[in-house]
Every structure is written in structure tokens, then in C-alpha cells.
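Engineer: In the working numbering, the protein residues as written are 43 to 278.
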């Protein structure tokens, strides 16, 4: 299981510095403000636009957050699977690192005692010295065990090996998912920073636009008052 993420790829725009725009758009006189009222409104809309880009970025950040939570849940599931593998392997492997049942003397008793207890009285004594359980080594005695029992022990050993391989594969998948999750979280944090920069720029532009419109309205009122005063003087 692999998740490919290009953590350093910048596939989203960066917020720009608006201080130069604010300084460039300052009026030098009230008359200039009045003459260029419409120009300010048009330039404001061109610079800030609508709130749709910000909303789109918010949705994108939410999607990244959902992907992060989903990957996190997947990592937790992978850890549970690895823990189950370790528990199963620990149950099938003895304290000395040997598979239980493969070597005589394990699992609460010895194969020698088990074999002797299964023989009728007197038959164990009648066995040839080389065939008695206690007179041969562990490997030689294993060769004397029934074929079915040897096959069963071989299958158990193969099962343990398969579980070990599956555990290693699960650990590799877990490491891959955790790495991808870290990359995803880093991209999520970058997206949050970019979105915060856009929000700050939007607030600055809105504040500037409100100040400009307020000054324009005041100049309009002053212009109307001067116009009325001039008309009154002309009428006299």
C-alpha cells in the first residue's frame, strides 16, 4: 500500500503584498477623489474580486483535513493489524525463539515422556536401545515420530514464517502510510497559511475601499453645499 504525495509541489497561489497598492492608490486632493470615484470602485473589484476564491480555498482546506483524518484512521487500523500479527506470532513461538512442538521437551512435557506413556507396560522396555526415546538425540527422535505429526509441525513452522512475512509487509505499509500522512499534514498547514494570507488581504482592501467611499461621500456633500451656496449668490 503506497500513497504518493508531492509534498513540496506548490499547486496553489500565494498571497501578495498589498501595501504598495494601498500607497499607490492614495489621492493627493479631495477633487481627485471625487473625479475618480468610479475608477476606485472598478479597481477595488479588480483587486479584491468577490469572496468566491476565498470560499473555494476554504473548501479545499476542508478536503485536505478530511483526507488527513481518513489517513489517520487508516494508520490506526494498520497498527491494530500489526499488533494482532505480533500477538499471534508470540503465541506460536516459544520463549527461546523456537516454534512450540518442534523440539522435544516443550509444551508442558517432553516428547520422550509422551511416547513412553503411550506405549503399553513392558513394550517401552522391550524397545531396542537405539529406538528408545531417551537413547537418541532430539533430531533423531523427530525422525522417528509419525509422518502426520511431522507434517503438522512442518505446516506450523511454515505458518509462523508466513505470519512473520505478513507482519513485515504490514509494518512497511504502515511506515509508508505514516510518511504520506506527514506529507499530507504539512500541505494542509501550508494551505491554512495561504488562506489566512488571502483573508488578511481581503480585510485590508475592504477597509481601504470603505475609507475611500466615505471620503468621496463627504466630498460630494461638500460639493453640493458649495453648489447651492454659489447658486444663491448668483440669484442675488
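Backbone N, C-alpha and C define an ideal beta-carbon position, used for all residues, glycine too. Keep in mind it's a predicted model, so treat the numbers as computed, not measured.
Buried or exposed: where does residue 261 fall if 16 or more other Cβ atoms within 10 Å of its Cβ makes it buried?
Structural biologist: Residue 261 comes out buried.
Engineer: Can you grab the Cα-Cα spacing for the pair residue 237 / residue 100, in whole Å?
Structural biologist: For residue 237 and residue 100, the distance between alpha carbons rounds to 7 Å.
Engineer: Mapping the DSSP letters down to three states, classify residue 278 as helix, strand or coil.
Structural biologist: Note: residue 278 maps to coil in three-state DSSP.
Engineer: If I measure Cβ to Cβ from residue 112 and keep anything under 6 Å in the same chain, skipping five residues before and after, which residues do I get?
Structural biologist: Correct list: empty, nothing qualifies.
Engineer: Can you give me the Cβ contacts of residue 170 inside the same chain, cut-off strictly under 6 Å, excluding the 5 residues immediately before and after it?
Structural biologist: Below a pLDDT of 50, predicted positions are generally treated as unreliable, and residue 170, at 44, falls in that range; the measurement from the model is reported next regardless. Counting only Cβ-Cβ distances below 6 Å, and skipping sequence neighbours, we find nothing.
Engineer: On the criterion of 16 or more Cβ atoms from any shown chain inside 10 Å, does residue 247 qualify as buried, or is it exposed?
Structural biologist: Residue 247 is buried by the Cβ-count criterion.
Engineer: Which same chain residues end up closer than 7 Å to residue 123 when comparing Cβ atoms and leaving out the 5 residues on each side of it in sequence?
Structural biologist: Excluding positions up to five away in sequence, the list reads 212.
Engineer: Since I believe residue 103 is in contact with residue 234 (beta carbons under 8 Å), could you give me their beta-carbon distance rounded to a whole number of angstroms?
Structural biologist: So it is a contact: roughly 6 Å between Cβ atoms.
Engineer: Would the stretch 190-197 count as touching the stretch 116-132 if we require 3 or more Cβ pairs under 8 Å?
Structural biologist: Touching, no.
Engineer: Please classify residue 78: does DSSP put it in a helix, a strand, or coil?
Structural biologist: Residue placement at residue 78 is poorly supported in this model, since its pLDDT is 48, which falls under 50; the coordinates still yield a value, given next. It is coil, neither helix nor strand.
Engineer: Buried or exposed: where does residue 264 fall if 16 or more other Cβ atoms within 10 Å of its Cβ makes it buried?
Structural biologist: Flag for residue 264 reads exposed.
Engineer: Given this structure, state the Cα-to-Cα distance separating residue 209 from residue 189, to the nearest angstrom.
Structural biologist: Between residue 209 and residue 189, the C-alpha separation is close to 30 Å.
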